[in-house]
Every structure is written in C-alpha cells, then in structure tokens.
Amino acid sequence: MREVLLGADPPVALTRRAEASLAEQRETDAPDTVHLDGTVITRVGNDVRWWTWAGYRANATLAATVPSVADPLQRPTDCWLRLRENLTSADWRTAREHVGENLVLPDVDPRAVRGLKFSAALPESLAVSTVAARLADFEGARAVLDTPVRFQHST
40 MREVLLGADP
50 PVALTRRAEA
60 SLAEQRETDA
70 PDTVHLDGTV
80 ITRVGNDVRW
90 WTWAGYRANA
100 TLAATVPSVA
110 DPLQRPTDCW
120 LRLRENLTSA
130 DWRTAREHVG
140 ENLVLPDVDP
150 RAVRGLKFSA
160 ALPESLAVST
170 VAARLADFEG
180 ARAVLDTPVR
190 FQHST
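When we follow this note's numbering, the leftmost residue of the sequence shown carries the number 40, and every step to the right adds one.
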C-alpha cells in the first residue's frame with residue numbers, strides 16, 4: 040500500500056473509477072502519511088500517529104517495544120500506531136536509542152489466549168507466550184526501526 044501511495048502501480052487491472060480514486064489518495068493522503076525515504080510521524084492536534092505501513096503484527100511488536108512513546112490505550116492497525124500525544128522528537132530519539140537490538144513480544148488480548156487450541160490444558164504464561172510469539176513480526180518491526188523517521192505537524 041505504501042509503495043502504491045508513493046506512485047507504484049498495483050499489479051492488477053484497475054477500473055477508471057479505481058484509477059481516479061487512487062490518484063486522489065496519492066494527492067490528498069500520501070503527502071501526510073508516506074515519505075520516500077522512511078516512515079512518517081504525524082501530529083494533528085492531539086492525535087500522533089506513526090505511519091509505518093508495516094502490517095498489524097509488526098506494529099503490535101513495535102508498540103510493545105517502545106512503550107514509553109506508544110499510546111497504551113491504542114490498538115495498532117496495518118498502517119499506523121498511535122503514539123502518546125505529548126511526544127517530542129527528543130522523547131522519540133531516547134526511545135529509539137533504548138531499543139537497540141531488543142524487540143519485545145506484543146501484548147496479548149486475553150480473548151486470543153482463550154481461543155488458543157488446548158489453552159485450558161496449558162499454564163497461562165505458556166499460553167500467553169505462544170500467542171505472543173505467533174503475533175510477533177520481528178523482521179518487519181526491525182525493518183521499520185532501521186528506517187529514518189520524518190516528523191510532520193498539521194493544523
């Protein structure tokens with residue numbers, strides 16, 4: 040999706056309406072959510088989002104890995120994760136420096152543990168670890184952390 044917003048053509052045939060919609064998205068949304076050289080952190084009022092375009096699993100891993108800047112009440116999406124509204128660029132640099140090579144397993148919703156086959160037969164900590172390991176995307180999270188970040192403020 041990120042590459043398409045940056046101008047790549049999707050590998051499918053598009054209708055004229057889809058082409059027009061895509062052109063509109065590239066013109067209106069892309070400047071605020073994608074950057075050729077890395078990821079984007081946007082601030083619109085109190086809403087601060089890190090547009091990673093990395094997918095849910097990588098974003099859940101990132102949220103757990105940088106808890107000092109991630110909004111604890113947010114639910115990551117495929118495209119972005121919400122950061123704390125009082126985030127500064129200095130806070131961001133500090134959080135990034137503290138990550139180093141240490142990625143963290145994502146937080147697990149208790150409903151996901153209950154949905155695990157044979158969860159009743161497993162110790163809770165093992166069930167939680169199993170689900171967290173399945174949710175994690177360390178490769179995707181590392182790739183995002185290794186790219187530059189651009190801060191954008193909108194009014």
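Cβ coordinates follow ideal geometry from the N, Cα and C atoms, glycine included.
Inset, instruction - For the stretch 180-189 and the stretch 86-94, state whether three or more C-beta atom pairs, one from each stretch, are separated by less than 8 Å. - result: yes
Inset, instruction - Rounded to whole angstroms, what's the CA-CA distance from residue 59 to residue 66? Just pull it up for me. - result: 11 Å
Legend entry - Through-space distance from residue 137 to residue 106, alpha-carbon basis: 11 Å
Legend entry - Distance between beta carbons of residue 41 and residue 73, contact taken as under 8 Å: 5 Å
Inset, instruction - Please classify residue 78: is it buried, with 16 or more other beta-carbons within 10 angstroms of its beta-carbon, or exposed? - result: buried
Legend entry - Close Cβ partners of residue 54 (< 7 Å) along its chain, the five nearest in sequence each way excluded: none
Inset, instruction - Go through its chain and collect everything with a Cβ distance to residue 64's Cβ below 7 Å, but skip five positions before and after it. - result: 44
Legend entry - Rounded C-alpha distance that separates residue 134 from residue 61: 35 Å
Inset, instruction - Using beta-carbon positions only, say whether residue 184 and residue 101 come within less than 9 Å of one another. - result: yes
Inset, instruction - Note down the Cα distance separating residue 165 from residue 47, rounded to an integer number of angstroms. - result: 43 Å
Legend entry - Residue environment, residue 112, which counts as buried when at least 16 other CB atoms sit within 10 Å: exposed
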